[in-house]
Structures are given as C-alpha cells and as structure tokens.
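Novice: My structure is below; once you've seen it, I'll send some questions.
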Amino acid sequence: AQTVTQSQPEMSVQEAETVTLSCTYDTSESDYYLFWYKQPPSRQMILVIRQEAYKQQNATENRFSVNFQKAAKSFSLKISDSQLGDAAMYFCAYGETSGSRLTFGEGTQLTVNP
Amino acid sequence: DVKVTQSSRYLVKRTGEKVFLECVQDMDHENMFWYRQDPGLGLRLIYFSYDVKMKEKGDIPEGYSVSREKKERFSLILESASTNQTSMYLCASSQAGTGGSSGEAFFGQGTRLTVV
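These protein sequence lines are chains A and B, in that order. Its first residue numbered 1, the first sequence is counted upward by one per residue in the working numbering. Its first residue numbered 1, the second sequence is counted upward by one per residue in the working numbering.
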C-alpha cells in the first residue's frame, strides 16, 4: 500500500519570505499523481498544485512550485513571497492513475507572520 | 462551478444512534469517497465507490457502511454511533482514470460530527 509522510507538523514563515514544506511517499508504481492541497479555516480543501510522475519538469503555479525527486520519492512544496492568506493546513497526497483513491499525509500547519 | 455538497456542516448525535451523512456531486464523476480527518493523522479513507451500487473498503471501514444508489449521491452510515467516531468527515469525488482524467479529487466542505 502507498504511504505519504509529512514530517513537519507545523511551520512558520514571515510575510514575503519563502518556505518549503516536505513530503515523502512510498510506492512501487511508476506512474501516478502527486498533489498539494490547502485547507484554510473554512475547511474547504483547495488544490494548490499537481504533478504527474512521468513528467520530469517540476510543476509551477504562480508563487507555488514543487521539487519532485522521483528516485528519492520526495515531493516538496515551495511557497514564494508568502502572504497572510497562505496560512492553512497543507496536505500532500498520492493519487493512483486509475483515479480510484488518494492517500494523504498527516498535514503541515503553516503560519504566516506579518 | 464544480460542486460537492455535504448535507450538514455540524452534527451532534447520541451514542447508539444511526447516523446518515449525505454527499451530492454535480460533476458526473464516477468515483466518490468518504474520508475521516483527525489531528495528526491527516485524511484516512473510509470507503470509496467507483460506480453506482459498487463500493470498496478503504483503510478504516470498521463501524461504517455506505450506499450509492445514484451516481451523484454517496451516503456514509454509522450504524451505531460511538464517541470514537467524533471527527471531521469529508466527501470527495473524482473522474475515473481515463485519458481525460487529471486525478484531482474535489471535496465537500466537511461535516464535523460530535457523538455524545
């Protein structure tokens, strides 16, 4: 079974600074998806960024980018120019290409200090 | 705007009650999921369904059952609620894994269930 591990329960960053959230996973598959979801206090899960394992190029969405290291099974999220609205719980998730399920990590609570 | 709607945002039930959590999606997705979210444990999959009347156990199915009679609706049932089922419950849906699938799951707003 696939597992996802987020080793940082809490992180903090100063507004306008850069922060990196870590995620490792374990799988025997060669093709899969990886995701970062954000859950603000409203509880609504929002997709931040998505990576397809067969693509070597790291995904980027505006201030959010990932460092995908397939051999190391590592998938970190970098948030540049942090904003107060980035404060949330962030979840790393592994997805099977069949779309049948997502496996989540434990989550990292990000605080942004003004 | 795509939408997954859960019937209740907050729910308080008594121990031993039968509890129904309802979820409806309007995206014609084949897959639907029920997750449980607890602090420090992330989201854990309870059950998922990949078609009408089809279901598969997730990682923590004990004490729960599900029903999917229509494609757009997926219900989670607690046959006899217990205090250790106090938690946040999240419903999600996704497109089946075809060439057009992004793999992304869309979530409801969550139901915070308290069993007293």
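In this text, a Cβ means the ideal position worked out from N, Cα and C, and glycines have one as well. Quantities reported herein were computed from a predicted structural model and do not represent experimental measurements.
State yes or no: is the C-beta of residue 107 of chain B within less than 8 Å of the C-beta of residue 94 of chain B?
Specialist: No, they are not a contact pair.
Novice: By Cβ distance, which residues of its chain are closer than 6 Å to residue 80 of chain B, with the 5 residues on each side in sequence left out?
Specialist: Hits under 6 Å: 16.
Novice: Closer than 8 Å, CB to CB, is residue 192 of chain B near chain A or not?
Specialist: With chain B represented from 1 up to 116, any question about residue 192 of chain B goes unanswered, as that position is not in the structure.
Novice: Please decide whether residue 74 of chain B counts as near chain A, where near means a Cβ-Cβ distance under 8 Å.
Specialist: Not one chain A Cβ lies under 8 Å of residue 74 of chain B.
Novice: Among residues of its own chain, excluding the 5 on either side of residue 100 of chain B, which ones have a beta-carbon nearer than 6 Å to its beta-carbon?
Specialist: Confidence at residue 100 of chain B is low in this model, with a pLDDT of 49, below 50, so its placement is unreliable and the value that follows should be read with caution. Contacts found: none.
Novice: Could you name the residues of the same chain whose beta carbon sits closer than 6 Å to that of residue 112 of chain B, not counting the 5 residues immediately before and after it, in chain order?
Specialist: Contacts found: 10, 88.
Novice: Using DSSP with H/G/I as helix, E/B as strand and the rest coil, what is residue 25 of chain B?
Specialist: In this structure, residue 25 of chain B counts as strand in the three-state DSSP scheme.
Novice: Is there at least one Cβ from chain B nearer than 8 Å to residue 91 of chain A's Cβ?
Specialist: Yes, residue 91 of chain A lies at the interface with chain B (some Cβ there is under 8 Å from its Cβ).
Novice: Determine the chain B residues that contact residue 105 of chain A at a beta-carbon separation under 8 Å, and present them in chain order.
Specialist: Neighbours of residue 105 of chain A on chain B, chain order: 42.
Novice: At a CB-CB cut-off below 7 Å, which residues of chain B make contact with residue 33 of chain A?
Specialist: 103, listed in chain order.
Novice: Would you be able to state if there are at least three C-beta pairs under 8 Å between the stretch 30 to 37 of chain A and the stretch 74 to 93 of chain A?
Specialist: Taking 8 Å as the limit for Cβ pairs, the verdict is that the stretch 30 to 37 of chain A does touch the stretch 74 to 93 of chain A.
Novice: Check the Cβ-Cβ distances between residue 95 of chain A and every residue of chain B, and say whether any is below 8 Å.
Specialist: Yes, residue 95 of chain A lies at the interface with chain B (some Cβ there is under 8 Å from its Cβ).
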